[in-house]
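Those sequence lines, one after another, are chains A and B.
In terms of the working numbering, the first sequence has 332 at position 328, counting the first letter as 1, and numbering is strictly consecutive.
In terms of the working numbering, the second sequence has 853 at position 6, counting the first letter as 1, and numbering is strictly consecutive.
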Amino acid sequence: MPVRRLAGLASAKTRSFAQLLIEGRGPYARAFENLIVVLIIFSVASIGVESIPGLPGWAMRTLHVTEIIIVAIFSFEYLLRIVAARNKLAFIFGYQGLIDLLAIAPFYIGGFDARWLRALRLLRLLRVLKLQTHFLEKVVEERTRELAEKNEALVKAQAQLKAELEVARSLQLAILPAAFPARPGCQGAARMIPATTMGGDFYDYIELPDGRIGLVIADVSGHGVPAAFFMAVARTNLRELALRHTDPGECLAQTNDALCAQNPLELFVTVFYCMLDPKTGVLRYANGGHNPPYLRRAAGPIEALNGAGGLVLGAMPGVGFPTHTVQLSRGDQLVLYTDGVTEAFNPAEELYGAQRLVDEVRVHGSGTPAALVERICQSVTNFAGSAPQSDDITLTVLTWGAP
Amino acid sequence: MIVRIEALAEATCVIPEGRLDFDAAPGFQEALERVLGTAGKAPAALIIDAAALEYVSSAGLRAVLLAARAAQRAGVPFALCALQPAVREVFDLSGFSRIIAVHADRATALARARQGRS
Numbered sequence: 005m006p007v008r009r010l011a012g013l014a015s016a017k018t019r020s021f022a023q024l025l026i027e028g029r030g031p032y033a034r035a036f037e038n039l040i041v042v043l044i045i046f047s048v049a050s051i052g053v054e055s056i057p058g059l060p061g062w063a064m065r066t067l068h069v070t071e072i073i074i075v076a077i078f079s080f081e082y083l084l085r086i087v088a089a090r091n092k093l094a095f096i097f098g099y100q101g102l103i104d105l106l107a108i109a110p111f112y113i114g115g116f117d118a119r120w121l122r123a124l125r126l127l128r129l130l131r132v133l134k135l136q137t138h139f140l141e142k143v144v145e146e147r148t149r150e151l152a153e154k155n156e157a158l159v160k161a162q163a164q165l166k167a168e169l170e171v172a173r174s175l176q177l178a179i180l181p182a183a184f185p186a187r188p189g190c191q192g193a194a195r196m197i198p199a200t201t202m203g204g205d206f207y208d209y210i211e212l213p214d215g216r217i218g219l220v221i222a223d224v225s226g227h228g229v230p231a232a233f234f235m236a237v238a239r240t241n242l243r244e245l246a247l248r249h250t251d252p253g254e255c256l257a258q259t260n261d262a263l264c265a266q267n268p269l270e271l272f273v274t275v276f277y278c279m280l281d282p283k284t285g286v287l288r289y290a291n292g293g294h295n296p297p298y299l300r301r302a303a304g305p306i307e308a309l310n311g312a313g314g315l316v317l318g319a320m321p322g323v324g325f326p327t328h329t330v331q332l333s334r335g336d337q338l339v340l341y342t343d344g345v346t347e348a349f350n351p352a353e354e355l356y357g358a359q360r361l362v363d364e365v366r367v368h369g370s371g372t373p374a375a376l377v378e379r380i381c382q383s384v385t386n387f388a389g390s391a392p393q394s395d396d397i398t399l400t401v402l403t404w405g406a407p
Numbered sequence: 848m849i850v851r852i853e854a855l856a857e858a859t860c861v862i863p864e865g866r867l868d869f870d871a872a873p874g875f876q877e878a879l880e881r882v883l884g885t886a887g888k889a890p891a892a893l894i895i896d897a898a899a900l901e902y903v904s905s906a907g908l909r910a911v912l913l914a915a916r917a918a919q920r921a922g923v924p925f926a927l928c929a930l931q932p933a934v935r936e937v938f939d940l941s942g943f944s945r946i947i948a949v950h951a952d953r954a955t956a957l958a959r960a961r962q963g964r965s
């Protein structure tokens, strides 16, 4: 038993050695293959040399010695191929094996005189060259497959990233309030259309402890994931501070200081914040660098809430924001928007502009807030046409004292 | 958008042309950083000449704000000049014209830079 096992081990070792030399891709296999090619060329060339008449005896002897060495190496190679072959019979009687045998058999049968039969070795050369082409094709094939695999992995990773962004987007849209707090005689509606997957705009309705309603519209500089994160931080801070401050300007000042303290990306946000007393119609507001909202009076005229504002939030700590007060009449309508509305471009690179917005409010302001929001969004989308949306579009409309 | 840079004795002028929006902001920011960041050769003053600037988005404002802060840290006087009305409105609305010097034209801005140096 031990002897047989040893023999088995030895043969396994020999076979793996043979496979390394014959089928391997390493430097040894390449060197061996090149050696065989050189020997084939040399032996074929030597046929021509031997046929030169009157060759000196030493030259003939040298040629005979080299022929013996060449045949020995070819025989060794032939044996290696048999050892390395998985199906030995198939190799021996196959096209490759027969050609290899033809290259050495004439020597064993006819000795040096069978030199013309050595020309059969040219067939070997053809085979080796064909093998090399085949090897190259295999390399190309493998690289192509690797590339395809990498490409597939990339596509998969991108799809995953996209899916995660989709989740983030729905989370972001979910923190925007779905409905305006129900108050008798007080109606509101809002909409946000992000430019990229993640928007930097937001709006908020806050039910304050004293029965008033806080209304926020804001626009973070830039968009994408950083803007969305900053938006979430700004919205949370503002909401929390709004519950503790009855003065809008003071609330913005506190929010600004909080944002400046946690702003590693140096982003900023424009914020318009107002508080409406639904019982009296008194509106108090403060503006941190935001586009002044429009107030459409029930009687007809449209005015901008352009009381002096302050700096955008997050840019510099310790700045103040003046608070202004406006008395609303029954049926007055407040239109809050971000610059995604007025700065929408059409394919001719013209701006939508404030005038178009004011016109829409004038013509369609008598309906419900939801209808006006829908109407303005339609108007902006129609205007932009095929031009890409470059900024988030956000609108909030509030009607006080509506029947 | 195109950004040109003119190095004068009293100040380096950065001249943006076209629309400074979300797509153009990174390139503009890089140009400003390059002007300020040239080691040992900080300009005497940095002036953004906005005569050919047609539009500024919030991302563009941010690039200007970051440059103003970097200039302040480097001790380089920073100013804007020759704003078109629409751009001026954006700077006024955002409150930026209250924290960044804005001059009517380049001559005024350069004169102010000379005064600051003497």
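Quick reminder that beta carbons are idealized off the backbone N, C-alpha and C, glycines included.
All values reported here derive from a predicted model rather than from experimental measurement.
What in chain A is Cβ-close to Asp896 of chain B, meaning under 9 Å?
Ordered by position in chain A, no residue passes the 9 Å Cβ test against Asp896 of chain B, which lies about 23 Å from the chain.
When burial is assigned at 16 or more other CB atoms within 10 Å of the CB, is Val367 of chain A buried or exposed?
exposed
What are the start and end residues of each continuous alpha helix (DSSP H) run of 4 or more residues lying completely inside the segment 154-216 of chain A, in chain order?
none
Neighbour-count burial assignment, Phe869 of chain B, 16 or more Cβ in a 10 Å radius
buried
According to the Cβ coordinates, are Ala290 of chain A and Tyr298 of chain A closer than 8 Å?
no
Close beta carbons around Arg239 of chain A, own chain, < 8 Å, minus the five adjacent residues each side
Ile179, Phe206, Asp208, Val220, Ala222
Buried/exposed call for Val364 of chain A, threshold 16 Cβ in 10 Å:
The question names Val, but residue 364 of chain A in the sequence shown is Glu. Under this definition Glu364 of chain A is a buried residue.
Would you mind reading off the limits of the beta strand (DSSP E) that contains Met279 of chain A?
273-280
Quick one: which unbroken alpha helix (DSSP H) runs of 4-plus residues sit fully inside the segment 230-309 of chain A? Chain order, please.
252-265
Contact list for the segment 223-249 of chain A against chain B, Cβ threshold 8 Å:
Asp223, Val224, Ser225, Gly226, His227
Element boundaries [alpha helix (DSSP H), containing Glu857 of chain B]:
No alpha helix (DSSP H) holds Glu857 of chain B; DSSP gives it neither H nor E.
Based on Cα-Cα distance, which residue from B:Ala921, B:Asp952, B:Glu936, B:Leu867 lies nearest to Arg881 of chain B?
B:Ala921
Starting from Asp868 of chain B, find everything on chain A with Cβ-Cβ shorter than 7 Å and list it in chain order.
Ser394
Roughly how many angstroms lie between the CA atoms of Ala918 of chain B and Gly389 of chain A, to the nearest whole one?
41 Å
Please classify Asn310 of chain A as buried or exposed, where buried requires at least 16 other C-beta atoms within 10 Å of its C-beta.
exposed
Here's the rule I'm using: 16 or more other beta-carbon atoms within 10 Å means buried, otherwise exposed. How should Phe80 of chain A be labelled?
exposed
Could you list which residues in chain A have their beta carbon closer than 8 Å to that of Arg909 of chain B, in chain order?
Ser225, Gly226, Glu270, Leu271, Phe272
Strictly under 8 Å for the Cβ-Cβ distance: is Ala926 of chain B near chain A by that measure?
no
Would a check of beta-carbon distances place Arg945 of chain B closer than 8 Å to chain A?
yes
To the nearest angstrom, how far is it from the Cα of Cys264 of chain A to the Cα of Val316 of chain A?
11 Å
Determine the direct distance from the alpha carbon of Ile380 of chain A to that of Leu399 of chain A, and round the result to whole angstroms.
8 Å
How about Ala958 of chain B: is its C-beta nearer than 8 Å to some C-beta of chain A?
no
Exposed or buried, Ile852 of chain B, counting other C-beta atoms within 10 Å across all chains shown (16 or more means buried)?
exposed
is_contact[Ala178 of chain A, chain B] using C-beta, thresh 8 Å:
no
Could you tell me which of A:Ile74, A:Glu27, A:Leu24, A:Ala22 sits nearest to Phe46 of chain A, measuring between CA atoms?
A:Ile74
Reducing DSSP to helix, strand and coil, say where Gly218 of chain A ends up.
strand
Look up Met5 of chain A in the DSSP assignment and say whether it is helix, strand or coil.
Since pLDDT at Met5 of chain A reaches only 48, below the 50 mark, its modelled position is unreliable, and the value read off the structure follows with that caveat. In this structure, Met5 of chain A counts as coil in the three-state DSSP scheme.
Against chain B: residues of the segment 282-298 of chain A by CB proximity under 7 Å:
Gly293, Asn295
Report the rounded CA-to-CA distance for Leu376 of chain A versus Gly228 of chain A, giving the unit in angstroms.
28 Å
Got a sec, what are the start and stop residues for the alpha helix (DSSP H) Asp343 of chain A sits in?
343-346
Taking 8 Å as the threshold (C-beta atoms), are Leu927 of chain B and Ile946 of chain B in contact?
no
Assign Met196 of chain A to one of two classes, buried (16 or more other C-beta atoms within 10 Å of its C-beta) or exposed (fewer than that).
buried
Should Tyr32 of chain A go down as buried or exposed, given a rule of 16 or more other Cβ atoms within 10 Å for buried?
exposed
Taking Val401 of chain A as the reference, which of A:Gln191, A:Gly114, A:Ser15 has the closest Cα?
A:Gln191
Any chain B beta carbon closer than 8 Å to Ala319 of chain A
yes
DSSP beta-bridge partners for Leu927 of chain B?
B:Ile895, B:Val949
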